[in-house]
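Residue numbers (this note's numbering), protein chains in the order written: chain A, 1 to 132; chain B, 1 to 422.
Backbone N, C-alpha and C fix where the C-beta goes; we use that ideal spot for every residue, glycine too.
What you are looking at is a predicted structure, and each value in this text was computed from that prediction instead of being measured.
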């Protein structure tokens, strides 16, 4: 049986250097990784070839807060194909103040293994501030 | 009238860092003033990651970076004035400056020995970049769009065209796409993208957003709301190619065309301005031509990384403490920074040579395999590549500087191996 060798060219996005990396695959296995300047880069391109993942950052509507939104992120990178479903899921969520950085809003969102975590907290709206 | 040793104007990254450092250095009365009702400047709305790798050795989002700085602020006893807008600065004498501010309690007047000015940048707008046509609603700068979406939770539009492919433009393209908007194109007048390659990959390619290089948005068409924009292709002289005009239907035009330091109040004060950096000329304590008035962060120089803005805040605080405790900053001789070849600027522009200094600079055009040379101290640093979009940061030690003779420090860039006759 003939093996299928493929050359994949990628730009590493781990840091601002942006190494051009060449990955050779054979039947979904990685044969070689060339062009990366660091170990993190190799880890990234290996993941990118097998299953690309991204961190997702967005805001959620927030009631009774000193700001009308809280900022959140996924606690770890999630598969790219899940991003739009995660965004749809989050667009229906409204949270209430107060919230602190690190609070978990959704655990294991859509079975991705990642939690939705607060990155910008929000205080309870001070009623006296309302009229300023 | 309030009386202070140091008033910090602007509560973004560099202003917060400056106030914390000032307290650490033993400056007694410090005030931090910001126009918004929250501290952090633009950081709280930059909800993506990439902040703090240098300063905190962690990859943080903008709000998380702010939170870490804010925690430090809470441990100090500095006076914070939010929702307070500084409208005027007056220079009385060497040890007395006046800062006038508008607040919800009326006009406030601060008397102070020193000022650190850290007001950040403003964005270049549609008028400055010469886009003609109608002026309907639906035209935003990238920062305005970001504030609407990520602070107020309001979508500016649904069908988006973005002008400028710097990192801010690219990150907003992703932000719009993630939120379900249709980003029709990112339009860039240059033949290469302005932002980092990683942002081309993760902001444009991930969402199949077209990048139109060598293209320019000529005019806006629309009655009450943006309906279309007219775009053309540019030749190598950045002139419109005849017959290349086409239109893109959209309801929103987002301008991401660069930043300009906000130094109006310093200009009014009569501080010497560098025509290239469009900010104050500073010495190695980040002091302007007026004694005791310092500048830091993006109002000093448009930085690539928030970490550098923080670093400059701390440098300015060092300067302010020296000014207060030593009754001024003096050098035997201020060496002038001179530039040669492919260099746009290096700051600080004046170096005492009596202490270590961190320099920040940019090149004019992209180049590969070059060396940066500081002639008077025989220092050479190799670079695999230099690009206008990537700031060069370089530390010169006191030892290195002590070997410098003459009245200048000359920075030049030359091809590696050029001295061998290549």
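Inset, instruction - State buried or exposed for residue 297/B, treating a residue as buried only when at least 16 other CB atoms are found within 10 Å of its CB. - result: buried
Inset, instruction - Output, in sequence order along the chain, the residues in the segment 61-75 of chain A whose CB is closer than 7 Å to any CB in chain B. - result: 61, 67, 68, 69, 71 and 73
Legend entry - Partners in chain A for residue 198/B, counting only beta-carbon separations shorter than 9 Å: 11, 12, 13, 14, 15, 16, 17 and 18
Inset, instruction - Note down the Cα distance separating residue 379/B from residue 304/B, rounded to an integer number of angstroms. - result: 24 Å
Inset, instruction - May I have the straight-line CA-CA distance separating residue 340/B from residue 404/B, to the nearest angstrom? - result: 17 Å
Inset, instruction - Pair every Cβ in the segment 242-253 of chain B with every Cβ in the segment 160-176 of chain B, then say whether three or more of these pairs are closer than 8 Å. - result: yes
Legend entry - As assigned by DSSP and simplified to three states, the class of residue 55/B: coil
Inset, instruction - Measure the beta-carbon distance from residue 1/B to residue 109/B and round it to whole angstroms, keeping in mind my assumption that it falls under 8 Å. - result: 5 Å
Legend entry - Contact set for residue 32/A: own chain, Cβ-Cβ below 6 Å, skip 5 residues either direction: 24
Legend entry - Beta-carbon proximity list for residue 61/A, same chain, < 8 Å, skipping 5 on both sides: 68, 69, 93, 94 and 95
Legend entry - Proximal residues to residue 19/A (C-beta, below 7 Å), its chain only, five neighbours per side dropped: 12, 35, 36, 37 and 41
Legend entry - chain B within 8 Å of residue 7/A, Cβ atoms only: no
Inset, instruction - Could you tell me if residue 315/B is buried or exposed, where buried requires 16 or more neighbouring beta carbons within 10 angstroms of its beta carbon? - result: buried
Legend entry - Contacting residues, own chain, Cβ-Cβ under 6 Å from residue 6/B (five flanking each side not counted): 22, 27, 30, 114 and 320
Legend entry - Cα-Cα separation between residue 175/B and residue 119/B, rounded to whole angstroms: 26 Å
Legend entry - Of the residues 41/B, 79/B, 104/B and 288/B, the one placed nearest residue 329/B, counting alpha carbons only: 288/B
Legend entry - Three-state class that DSSP yields for residue 20/B in the structure shown: helix
Legend entry - Helix, strand or coil at residue 196/B according to DSSP, with G and I counted as helix: coil
Legend entry - Exposed unless 16 or more other CB atoms sit within 10 angstroms - verdict on residue 312/B: buried
Inset, instruction - Could you tell me if the beta carbon of residue 11/B falls within a distance shorter than 7 Å of some heavy atom in the ligand NAP? - result: Annotation note on the ligand NAP: not contained in the displayed structure, which lists no ligands.
Inset, instruction - State the Cα-Cα distance for the pair residue 56/A and residue 44/A, rounded to the nearest angstrom. - result: 16 Å
Inset, instruction - Please state whether DSSP places residue 214/B in a helix, a strand or coil. - result: coil
Inset, instruction - Determine, using beta carbons only, whether residue 25/A comes closer than 8 Å to chain B. - result: no
Legend entry - According to DSSP, residues forming a beta bridge with residue 371/B: 382/B and 414/B
Legend entry - residue 264/B versus residue 358/B - alpha carbon distance: 26 Å
Inset, instruction - Could you spell out where the beta strand (DSSP E) holding residue 253/B opens and where it closes? - result: 252-255
Legend entry - residue 55/A: contacting residues in chain B (beta-carbon distance under 8 Å): 49
Legend entry - Contact between the segment 36-45 of chain B and the segment 8-23 of chain B (3+ Cβ pairs under 8 Å): yes
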